[in-house]
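Below you'll find the structure, written out as structure tokens, and then a few comments.
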């Protein structure tokens, strides 16, 4: 592995990797600082194509979340639609058309004095 030296403006060897023995040595007398403090592995944790078994997680949790969310959304939409329907039907005036209105000629007034009469 080579590292760019900004002073000499050239790449300098800093370590040697043996593919046959999977060993890394630093015969060039230069220490290399790794991000995690150690040399990274040969292969990514999930593999180069992301197909290693340890990276495959179950989608049951996400599927459950989506189903619950869609169910709640459907129920909320149905409840909201029912409220809007009720409001439109009963509060906007259509309900009054179905009420029984009496004309003054249809009212029967008693000639007897009852409570509250003077």
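Numbering (this note's numbering), first residue to last: 11 to 128.
The C-beta atom is built at its ideal place from N, Cα and C for all residues, glycine as well.
Quantities reported herein were computed from a predicted structural model and do not represent experimental measurements.
Original post:
In whole angstroms, what separates the C-alpha of residue 72 from that of residue 79?
Top reply: Taking the straight line from one Cα to the other gives about 10 Å.
Subject >> For residue 79, the first and last residue of its enclosing alpha helix (DSSP H) >> reply: For residue 79, the enclosing alpha helix (DSSP H) starts and ends at 70 to 96.
Original post:
To the nearest angstrom, how far is it from the Cα of residue 40 to the Cα of residue 24?
Top reply: If you take the alpha carbons of residue 40 and residue 24, they lie about 6 Å apart.
**OP:** Go to residue 15, then tell me how far its beta strand (DSSP E) extends in each direction, as first and last residue.
**Re:** Run containing residue 15: 12 to 15, per the beta strand (DSSP E) assignment.
**OP:** Check whether the Cβ atoms of residue 42 and residue 36 lie closer than 8 Å to each other.
**Re:** Yes, they are a contact pair.
Subject >> residue 26 and residue 12 closer than 8 Å at C-beta >> reply: Not a contact, by the Cβ cut-off of 8 Å.
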